[in-house]
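What follows is a set of notes on a single structure, which appears directly below.
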């Protein structure tokens, strides 16, 4: 037997000696490039030279998706929604002693100055109040009558919306589309030309789209992700597979500039393959447009990129298979109606950079196919954000520094009035910079030409209002100045800053104000918040919630905004999820937490987790954990970040593990007093009556059934302060009971009973 080579050089020598006749041999190794050895008559070719170089793009560990419900950013005076009592105002966290046992309580104030003191183990009953409206909501009265009345009316509206969604879904399922054959060798070659490693989210989205194309029903999938997160690659692979199967693809974008960007991307990727890409836009001559239209009609063009001009009556496809729509919400009403017609007959893939709240995504599962791409590449650096006085020196130095590294600069102003003066000043200060001006009152053709000139680097500085295209990807633009930054909203600032920092270079954003001393409290809070939230993946924070609600509006329609304003977004999404499940005939289980009566001190001490926002967030994560393993994961994170867990924190973690078990047992209450642990069960508990009766024998007398609905267990006495051993036994009792249950059906679960 031939010995195994121990070194790459040995492997090559061994391979060369074995080639006694002209032939090819594959040798595992790590050579970056090949070479030729004439003496040995040997040609070594590396994998990269055959398949193309792969840029290994590390990806960030996926962030915990806290969504709009996160309590970590709550400030006193912010609005929250309680499952029963409705909309109130958060008034802080306080420590109270009840029956001799200390604990943390959340204070929520309602109409009439009534206050709710909510123990932190029930913090899952409240969530942030989120709405797209700027005006504050009306506070509900404590007791829940006013809130439940509002929720009842909204339920009827939401049911109608759910019926419409289900009707569209049923129509689509009844249609017969084209099931594409499995991807072949050419598709694998096309995949190999992608010079990056897919992020996990991106790979999932690609797989989902490819699965849709294999089904006989028409695809209607929405891919949601920020610019530069890889949505276009999802569309490219879908387009390639459809075009390779002999059908045509239409790629629609809302502006000519975006069309030009997509055309260049598609042309470059398809160039090595027998797939022809065409473009239809205003920048073409009449003769070129006519040639493109004719090529589409005859089937000579496989993929055509254009604005809504592609939907014109004169554009006839020989055999249209797939429509890719970029930023559908930015098209007009007529175009959207045309999209609805298309969705019943051809495969439709929609791309959007507007974030969609996870709760809404979950509510619509199975009705609208949605893929979320939320993982940013790790080579993307966070944008450095500075709050500074308006200063010609800062502007001058910032522009020159960016130009020195071959980059471009955005200079954003809040109003059109005076925009030319800013441009003149920059031209005087930095005469070598090529400066363009863009704003919404310019003729559309002139504005588009300005944007295109900037995209194609025929200018260095773009002085503009907030009309900067949200879909444009300009990796060279890595410096932004925002003049009079105090006049912008938080979401606006967040969205503007998102235009830079799209390459491996460090980006810089300057928030400029006339006077730092004269800022209003509100403006200072906004500007400090945007500085604070500069980390990558901070999309699910205060700055982007407004954008998420806009994403919800795009998906649900404007008429639902009043309902969202009345009860808050999270409650609305829950009602929608219930309505959809009910109409589909899915059983709904209102999952309720057991009441906890534990006479043990259980909380996160102030001197352990000092930041109140962090404490609230950890309380929420522990109290809503789906099982004991998740509780342990959070406790490990606490230990990792803050050190050894104090006794009270250990108690709280064990109590939350008991609570998660109790929820699965559908227990009404868990009580620990002295050495007695009582589990009070609801009538629909998965623990069968027969098993409950046999408990005493099955557990050697450690547990017994009492009164038909109570299980009583003995626990060891506690030490002076440490009740951990008692709580561990309680958790063990509940885990044992859970193991005795027959697996219940898996209905749609919702928290609470709004």
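Residue numbers (my numbering): 1013 to 1766. The beta carbon of each residue, even a glycine, is placed where N, CA and C say it ideally should be.
Among all the DSSP beta bridges, which residues are the ones paired with residue 1233?
According to DSSP, which records beta bridges pairwise, residue 1233 is partnered with 1361, 1381.
Between the C-alpha atoms of residue 1206 and residue 1219, what's the straight-line distance to the nearest angstrom?
Computed Cα separation, rounded: 15 Å.
Can you tell me the Cα-Cα spacing of residue 1142 and residue 1635, whole angstroms?
Residue 1142 and residue 1635: Cα-Cα distance of roughly 21 Å.
Looking only at its own chain, which residues have a Cβ that is under 7 Å from the Cβ of residue 1323, when we skip the five neighbours before and after it?
Around residue 1323: 1347, 1350.
Which class does residue 1243 belong to by DSSP, given the choice of helix, strand or coil?
Residue 1243: helix per DSSP, three-state reduction.
Can you tell me where the alpha helix (DSSP H) with residue 1193 in it begins and where it stops?
It is not in any alpha helix (DSSP H) - residue 1193 carries neither H nor E in the DSSP assignment.
DSSP three-state label for residue 1551, please.
Bear in mind that the predicted position of residue 1551 carries a pLDDT of just 44, short of 50, making it too unreliable to give a figure here.
Return the chain-ordered ranges of every beta strand (DSSP E) run that is complete within the stretch 1409-1482 and spans a minimum of 3 residues.
Those beta strand (DSSP E) runs which fall completely within the stretch 1409-1482 and span 3+ residues are 1420-1424, 1447-1450, 1473-1476.
Over what stretch of residues does the alpha helix (DSSP H) that includes residue 1653 continue unbroken?
Here the alpha helix (DSSP H) through residue 1653 covers 1640-1654.
Identify, in the order they occur along the chain, each residue of the same chain with its Cβ nearer than 8 Å to the Cβ of residue 1451, setting aside the five sequence neighbours on each side.
Closer than 8 Å at Cβ, skipping near neighbours: 1428, 1431, 1459, 1476, 1477, 1479.
Mind pulling the alpha helix (DSSP H) runs of 4 or more residues that sit fully within the stretch 1266-1342?
Correct list: 1268-1282, 1298-1310.
Given a cut-off of 8 Å, decide if residue 1292 and residue 1301 are closer than it, judged by their beta-carbon atoms.
Closer than 8 Å, so yes.
Among 1614, 1283, 1274, which one has its Cα closest to the Cα of residue 1464?
Cα-wise, what sits closest to residue 1464 is 1274.
When you compare each of 1334, 1531, 1519 to residue 1249 by their alpha carbons, which one comes out closest?
Per the Cα distances, 1334.
Spatial neighbours of residue 1721 within its chain, please: C-beta separation below 7 Å, excluding the five flanking residues on both sides.
Contacts found: 1692, 1693.
If you follow the beta strand (DSSP E) that residue 1494 is part of, which residue opens it and which one closes it?
It spans 1489-1494 - the beta strand (DSSP E) in which residue 1494 sits, taken as one unbroken run.
Quick one: grab the DSSP three-state call for residue 1139.
DSSP places residue 1139 in strand when its eight states are reduced to three.
Apply the 10 Å Cβ neighbour rule to residue 1507 and answer buried if 16 or more other Cβ atoms are within range, or exposed otherwise.
Label assigned to residue 1507: buried.
Report yes or no: do the stretch 1581-1596 and the stretch 1663-1675 share at least 3 C-beta pairs separated by less than 8 Å?
The stretch 1581-1596 vs the stretch 1663-1675: no contact.
I'd like the span of the beta strand (DSSP E) that includes residue 1767, first residue to last.
An answer regarding residue 1767 cannot be provided, because it is not within the stretch 1013 to 1766 covered by the chain.
Check whether the stretch 1160-1172 touches the stretch 1233-1244, taking contact to mean three or more Cβ pairs, one atom from each stretch, closer than 8 Å.
Short answer: they don't touch.
Is residue 1696 helix, strand or coil by DSSP?
Residue 1696 falls in the coil class under three-state DSSP.
Check residue 1607 in the structure and name its three-state DSSP category.
DSSP places residue 1607 in strand when its eight states are reduced to three.
With DSSP as the reference, label residue 1617 as helix, strand or coil.
DSSP places residue 1617 in coil when its eight states are reduced to three.
Compare the C-alpha of residue 1158 against each of 1096, 1408, 1053 and name the closest.
The residue with the shortest Cα to Cα distance from residue 1158 is 1096.
Return the CA-CA distance between residue 1738 and residue 1661, expressed in angstroms with no decimal places.
C-alpha separation (whole angstroms): 15 Å.
Taking residue 1433 as the reference, which of 1156, 1461, 1486, 1495 has the closest Cα?
Here the closest residue by C-alpha is 1495.
Give me, in chain order, the residues of the same chain whose beta-carbon lies closer than 8 Å to that of residue 1074; leave out the 5 immediate sequence neighbours on both sides.
Note that residue 1074 scores 41 on pLDDT, short of 50, meaning its location in the model is unreliable; the coordinates nonetheless yield the value given after this. Around residue 1074: 1212, 1213, 1386, 1387.
Which residue from 1057, 1614, 1285 puts its Cα closest to that of residue 1040?
Measuring from the Cα of residue 1040, the nearest candidate turns out to be 1057.
According to the neighbour-count rule (16 or more other Cβ atoms, all chains shown, within 10 Å of its Cβ), is residue 1751 buried or exposed?
So residue 1751 counts as exposed.
What residues are listed by DSSP as bridge partners for residue 1715?
Bridge partners of residue 1715: 1725.
Taking just the CA atoms, how far does residue 1629 sit from residue 1092?
Roughly 14 Å between the two C-alpha positions.
Contact defined as beta carbons within less than 8 Å: I believe residue 1682 pairs with residue 1608. What is the distance between those atoms, to the nearest angstrom?
Confirmed, about 6 Å.
Near residue 1467, which residues of its chain fall below 7 Å by C-beta distance, leaving aside the five closest residues on each side in sequence?
Taken in chain order, the residues that qualify are 1269, 1273, 1484, 1486.
I believe residue 1383 touches residue 1216 by the beta-carbon criterion, under 8 Å. Please report the beta-carbon distance rounded to the nearest angstrom.
Residue 1383 to residue 1216, Cβ: 7 Å. Contact.
What did DSSP end up calling residue 1735 once you bin it into helix, strand or coil?
Note: residue 1735 maps to coil in three-state DSSP.
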